[in-house]
Amino acid sequence: AMGRAMVREPAAFLMDEPLSNLDAKLRVQMRAEITSLQKQLGVTTIYVTHDQIEAMTMGDRVAVLKGGVLQQVDTPKRLYESPVNAFVAGFIGSPSMNLFEATLKGGELIFRDFAIRLQDAAFVGRPALRSYEGRKIVFGIRPEDLYDSSLESGRKYQTIPAKVTSIEELGSEHIVHLNIDAVRVDSGDPDAVEDYGLASNAVARFEPTSAIHSGSEIRLAVDDTKLHFFDPETHLAI
Numbered sequence: 027a028m029g030r031a032m033v034r035e036p037a038a039f040l041m042d043e044p045l046s047n048l049d050a051k052l053r054v055q056m057r058a059e060i061t062s063l064q065k066q067l068g069v070t071t072i073y074v075t076h077d078q079i080e081a082m083t084m085g086d087r088v089a090v091l092k093g094g095v096l097q098q099v100d101t102p103k104r105l106y107e108s109p110v111n112a113f114v115a116g117f118i119g120s121p122s123m124n125l126f127e128a129t130l131k132g133g134e135l136i137f138r139d140f141a142i143r144l145q146d147a148a149f150v151g152r153p154a155l156r157s158y159e160g161r162k163i164v165f166g167i168r169p170e171d172l173y174d175s176s177l178e179s180g181r182k183y184q185t186i187p188a189k190v191t192s193i194e195e196l197g198s199e200h201i202v203h204l205n206i207d208a209v210r211v212d213s214g215d216p217d218a219v220e221d222y223g224l225a226s227n228a229v230a231r232f233e234p235t236s237a238i239h240s241g242s243e244i245r246l247a248v249d250d251t252k253l254h255f256f257d258p259e260t261h262l263a264i
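Add 26 to a position in the sequence shown, counting from 1, and you land on the number used in our numbering.
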């Protein structure tokens, strides 16, 4: 079908989930093939997919929709680093961003039994953040910005208590499911719920050298330069 479309030399291609019926290995190969062909032909291509990995790896610009409503149009890098709302934050990235309810008070994010002090840099570029003083806020952090504190002795990260519920050992990394004493917030993306187990409310990516095991009580290191903040009512980024 792609070959027949190419020989017609169209002004644009429209592809509607062309890789959905392929197995995982072949999808990886075909992503590279389609991307290479598009660059060779130089034809504008609109590619529709439910797979955010396809969108991020193949697109120059990505439009994220929810229920037919456009949420954000941007480069893959900007979607990942600066999501406009909690839905985009939860949809882009795998595992998805951890989102929790907190109270902003005295320059700290207050959770049930721990707090994270915000650096001055957190307020730079976010003048509206100070208006949430004394109010609820949605706090977000990606799994790759949480670390096993026992491996981070040379860095000055804040740490929070957590319990390991399960570990997925992938060789190059560990996907660690954790339970922390905080209220998790639903991003509105149904696929994001699948990232969490019944006993966990957070996910982290750890180095494979981590010696933790299921049931471990650990101190979880938080990169406080990589925090995200959202309004608890509108879920828009602050």
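Built from N, CA and C at the ideal position, the CB exists for glycine as well.
- I163: member of the beta strand (DSSP E) spanning K162 to I167, first to last residue.
- For E159, the closest of E134, D171, A147 and R210 by C-alpha to C-alpha distance is E134.
- In terms of Cβ geometry, G166 and L125 form a close pair [threshold 8 Å].
- Around the C-beta of S198, fewer than 16 other C-beta atoms lie within 10 Å, and the residue is accordingly described as exposed.
- G116 places its beta carbon 8 Å or farther from that of D249.
- Each residue's CA atom was taken as its position, placing P258 and K162 some 7 Å apart.
- The beta carbons of A188 and L204 sit about 4 Å from each other, so the pair counts as a contact at 8 Å.
- Of the candidates T61, M84 and L67, L67 places its Cα closest to the Cα of E35.
- When beta bridges are read from the DSSP output, M28 appears opposite no residue.
- Counted as a single uninterrupted DSSP element, the stretch harbouring V209 is not any beta strand (DSSP E), since DSSP gives it neither H nor E.
- Take the alpha-carbon of I79 and the one of E195: they are about 21 Å apart.
- Around D139, the same chain offers D207 as residues with beta carbons nearer than 6 Å, after the five sequence neighbours per side are excluded.
- Exclusion of the five residues before and after L262 leaves N111 as the residues of its chain whose Cβ lies within less than 6 Å of its Cβ.
- Take the alpha-carbon of I118 and the one of M32: they are about 31 Å apart.
- Taken atom to atom, the span from the alpha-carbon of L253 to that of L172 is near 11 Å.
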